[in-house]
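Notes follow once the structure below has been shown.
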Amino acid sequence: MVKNIEIEFKSAITREKYLELLKKFDLENNIFTQTNYYFDTDDYKFNQQKIVLRIRQKGESRFKVTLKSQSEEGAFENHVFLQKEQALEMIEKGFNTKDFFEDVDAFVTYKVNLNNHRVSTPYEGGVIFLDKCDYCNVTDYEVEYEASSYNEGKIIFENFLKSHNIEIKPTKRKSERAFTCKR
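Per our numbering, the sequence shown runs over residues 16 to 198.
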């Protein structure tokens, strides 16, 4: 299992700003798609506790299950890489979280997915991500900055937004947005 703390800052952006930034950073030909399959208990206990449980698919054969919980320092993430057949069976039949994450014991099933068309580029000691997200017949866009330090990252991200004439628009987590079509 891989564990890490993710420190990220994000803002919703318009389609026009997304296309402008793709062009400015010469990233139009580097977009890849990853699909997030979100899981929860029948009573949506994880979503209510702001815990994200997903299987992410990149390409045809790269899968990993991630348990993500929030803290003041960032998001704690635990990842386990999966074989394709294993991941597809989990999506189809559900699974017990205890099989992958010893601190969490619940049976979960697949609820909803989100396709994220993503591109990234190094930027001032961190990484800028531009995301186009498709879910529930909705398409939205966001810019995200991942940093190793909260204080420095916040300043860099705010300066990035200011220098590109982007007004900060808080956005919900991708999982929260995807779950809107399940309610």
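All C-beta atoms, glycine included, are put in the ideal place defined by N, C-alpha and C.
Each residue's CA atom was taken as its position, placing residue 18 and residue 63 some 23 Å apart. In this structure, the alpha-carbon of residue 67 lies about 27 Å from that of residue 45.
A contact is defined here as three or more CB-CB pairs under 8 Å, and the region 174-182 fails this definition with respect to the region 78-87.
Taking the Cα of residue 110 as reference, the smallest distance to any Cα among 96, 98, 100, 125 is reached at 125. The beta-bridge partner set that DSSP reports for residue 186 is empty. In the three-state reduction of the DSSP assignment, residue 140 falls in the coil class.
Under the Cβ criterion (8 Å, minimum of three pairs), the region 71-79 counts as touching the region 98-117.
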